[in-house]
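By full-length UniProt numbering, the letter at position 241 of the sequence shown is numbered 241, and the numbering carries on one by one without gaps. To start, the structure under review is shown below, and the notes come after it.
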Amino acid sequence: MWDPGQYLHYADERARPFHELVARIPVAAPARVYDLGCGPGNVTAVLSDRWPDAHVTGLDNSAEMVEAARAHERPGRLGFALAELADWAPADTPDVIVANAALHWVPGHVAKLARWCDALAPGGAFAVQVPGNFAEPTHVLIGELAASARWKDRLADVPLLRSEVTSADQYLEALARPGFRVDAWETTYRHVLHGPDPVLEWTKGTALRPVLDALEPGEQCEFLARYGALLAEAYPARPYGTVLPFRRIFAVAVRDA
């Protein structure tokens, strides 16, 4: 299960790509906005701030996240609902669809992009951001540890977090269809994190969730102790903090008016 409190550790660092993605959406006054994978709703509220006359809906498949997000509701302007993104289709005509740090959890999501874009109103925009760090130690070490003799049988059926999109070019190719113009780019952040085991605390909010959900409490402690030690070697503390390089992939597709 998702833990909104854990996810909100380093909330500012997690929100920065969202702000940079939304800043590139060239839609002045949308009426209907969706946020796919809204999480605890803290950044979905930013969409309502930017477009105060829009009706914004945040969607997530985690009941825990949606419950936390409802603290941000604004009647008639901002609401939240449960939805499986893999099956979701809008019942109306959106002006903006945002999918920030969500679609890498949806297998085969690239094949769904055309359907979502085709649902947009003329002049509407589809904006997506996914992590591009799956070859980094944060993720590689989870896979190696899960495949080790101690854990391979226990975690054999756990789907580890990966993404079918590994470059901005892939989104450009998928979204650049007749009637759409596309802006695609990549950014590698260097987050300076503080506190004990900061990279472990970061991954406990995201990439580690499937593993932790599959283990009993005692097993979780054992796995986290070994994984945390490996992370401390891969991301050593420096006098000013621990540096976590984090590559992210962005694209905004705008439908012709």
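The beta-carbon is built from N, C-alpha and C at its ideal position, and this holds for glycine as well. None of the values given here were measured: they were computed from a predicted structure.
Exercise for review: Measure from the alpha carbon of Leu172 to the alpha carbon of each residue in Val110, Leu59, Pro52, then state which is nearest.
Suggested key: Val110
Review point. By how many angstroms is the C-alpha of Arg181 removed from the C-alpha of Ala207?
Key: 32 Å
Practice item. Report, in whole angstroms, the separation of the C-beta atoms of His104 and Val130, which I expect to be a contact under 8 Å. Key: 5 Å
Review point. Does any heavy atom of the ligand HEM sit closer than 7 Å to the C-beta of Pro52?
Key: Here there are no bound small molecules, and the ligand HEM is not part of this structure.
**Study point:** Bridge partners - His191, DSSP secondary structure assignment
**Key:** Leu244
Point to revise | Contacting residues, own chain, Cβ-Cβ under 8 Å from Asp197 (five flanking each side not counted) | key: Gly228, Leu231, Ala232
Check your understanding: Leaving out five residues before and five after Gly123 in sequence, what residues of the same chain have Cβ atoms less than 6 Å from its Cβ?
Key -> Ala257
Point to revise | Given Glu73 as reference, the closest of Glu64, Lys204, Ser167, His55 once Cα atoms are compared | key: His55
Check your understanding: In its own chain, which residues sit with a C-beta less than 6 Å from the C-beta of Cys117, not counting the 5 before and 5 after it?
Key -> Phe126, Ala253
Practice item. Could you name each continuous alpha helix (DSSP H) segment of 4 residues or more that falls completely within the region 29 to 98, going from the start of the chain to the end? Key: 44 to 50, 63 to 69
Practice item. Quick one: using the 10 Å Cβ neighbour count with 16 as the cut-off for buried, is Ala101 buried or exposed? Key: buried
Check your understanding: Which whole-angstrom value is the C-beta distance of His191 and Phe250, which I expect to be below 8 Å?
Key -> Not a contact, Cβ separation roughly 17 Å.
Practice item. Take Thr138 as the anchor and find which of Ala89, Arg162, Asp157 has the nearest alpha-carbon. Key: Arg162
Exercise for review: Following the continuous alpha helix (DSSP H) through Val199, name the residue where it begins and the one where it ends.
Suggested key: 198 to 204
Point to revise | Member of Pro94, Leu244, Val96, Ala89 whose CA lies at the smallest distance from the CA of Thr188 | key: Leu244
**Study point:** Where Pro122 falls: helix, strand or coil (DSSP)
**Key:** coil
**Study point:** Where the alpha helix (DSSP H) through Glu164 begins and ends
**Key:** Note, Glu164: premise wrong, no alpha helix (DSSP H); not H, not E.
**Study point:** Local conformation of Ala253 per DSSP, three classes
**Key:** strand
Exercise for review: Take the Cβ of Gly195 as the centre, count every other Cβ of all protein chains shown within 10 Å, and call the residue buried at 16 or more, exposed below.
Suggested key: exposed
Exercise for review: Look at the Cβ atom of Asp95, then the Cβ atom of Val43, and state whether they are nearer than 8 Å.
Suggested key: no
Practice item. State the Cα-Cα distance for the pair Arg24 and Gly143, rounded to the nearest angstrom. Key: 34 Å
Practice item. Put Glu222 into one of helix, strand or coil per three-state DSSP. Key: helix
Check your understanding: Roughly how many angstroms lie between the CA atoms of Lys112 and Val33, to the nearest whole one?
Key -> 18 Å
Review point. Where DSSP assigns a beta bridge to Glu186, which residues make up the other side?
Key: Ile249
Check your understanding: Quick one: Cα of Arg238 to Cα of Asn133, how far?
Key -> 21 Å
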